[in-house]
């Protein structure tokens, strides 16, 4: 393996780890502030942290000249994606608050990687055999992880599952426009939109006080600066010299790091079925991203 590929592996693993441990931060933050408050401050910090990144990358890549048409497209897609991100992140944070589990939140949210190619069928995209096999593993894993002895899906798990649907929609919105937008400016725009919607809802539906925000400062800072600013920058750098499939598989370990973080930091535990469910979901996520090619004679 070439040195630059090894560096990419390390950077992408770091990205997945930061994202995975963000579920721990969300779990701790949920004990002190509401979902809207947490996300509002978190994404506002995230958007602010990307401003210097935008300046550095655009100067380095000589993209200082901004085309008005492409910029309008970027702002429009950022608005749409930001609204979807607002719903997805709210459901995720709310679901983690209800379930009280960072590990479970990571694995159920990770199902969006299986849902994206399945939803792509509705848009006329071809779906390979690997996706269907991965979906079967994921569904069985979800059953083992979430269904209780009474054959019921808990409210918190249901919220997280609906959230994974919106994460899949979010990916499809971005995928639909591809290179027709400024990626970093788009990211900053969607984070601003998400922050504004979240803060408005926080003032309307939640009781905000400095006393409740103070103990949640560290989780919010981690979620905003590390999970958004640092991790997003690492993703861009890491994917430059990495195969797309390789990169997506490495980034999928986010759910694994969420479970590890939950176990080590929060001392979370699961039933035997829960651990088997996580394993099957993880296998399903990986399979959904590996293209199975027919053997040549």
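Residue numbers (the working numbering): 13 to 309. Even glycine gets a Cβ: it sits at the ideal position worked out from N, Cα and C.
Going by beta carbons, residue 274 and residue 114 fall inside the 8 Å limit. Residue 165 has 159 as its beta-bridge partners, per DSSP. With 16 or more other Cβ atoms inside 10 Å of its own Cβ, residue 290 counts as buried. For the pair residue 126 and residue 112, the CB atoms are not nearer than the 8 Å cut-off.
With fewer than 16 neighbouring CB atoms inside 10 Å of its own CB, residue 276 falls in the exposed class.
If you look at residue 83, you'll find it in the alpha helix (DSSP H) that goes 80-111. The beta carbons of residue 30 and residue 230 sit about 15 Å from each other, so the pair does not count as a contact at 8 Å. Just measuring C-alpha positions, the residue of 201, 246, 130 sitting nearest residue 141 is 130.
Taken through DSSP and simplified to helix, strand or coil, residue 226 comes out as helix.
With contacts defined as CB atoms closer than 8 Å, residue 196 and residue 66 qualify as a contacting pair. In the three-state scheme derived from DSSP, where H, G and I count as helix and E and B as strand, residue 268 is classed as helix.
Within a 10 Å sphere around the beta-carbon of residue 219 sit fewer than 16 other beta-carbons, which makes this residue exposed.
In the three-state DSSP reduction, residue 44 falls in the coil class, being neither helix nor strand. For the pair residue 267 and residue 32, the CB atoms are nearer than the 8 Å cut-off. In the same chain as residue 207, and ignoring 5 residues on each side of it, the C-beta atoms closer than 7 Å to its own belong to 52, 55, 56, 59, in chain order. Per DSSP, residue 189 lies in no alpha helix (DSSP H) and is assigned neither H nor E.
Ranked by how close their Cα comes to the Cα of residue 152, the residues 175, 247, 120, 137 have 120 in first place. Pairing residue 174 with residue 128 gives a Cβ-Cβ distance that is not under 8 Å. Judged by DSSP in its simplified three-state form, residue 214 adopts helix.
Collapsing the DSSP output to three states places residue 70 in a helix. When only Cα atoms are considered, residue 166 and residue 103 end up about 14 Å apart. Cβ atoms of residue 298 and residue 261 come within 8 Å of each other, at about 6 Å. The DSSP-derived three-state label of residue 29 is helix. When the beta-carbon positions are compared, residue 108 and residue 155 stay at least 8 Å from each other. At a Cβ-Cβ threshold of 8 Å, residue 106 and residue 171 count as neighbours.
Apart from the 5 residues on each side of it in sequence, residue 176 sits with its Cβ closer than 7 Å to the Cβ of 120, 121, 123, 124, 127 in its chain, given in chain order. Cβ-Cβ distances below 8 Å link residue 25 to 262, 265 in the same chain, with the five nearest sequence neighbours on each side left out; the list follows chain order.
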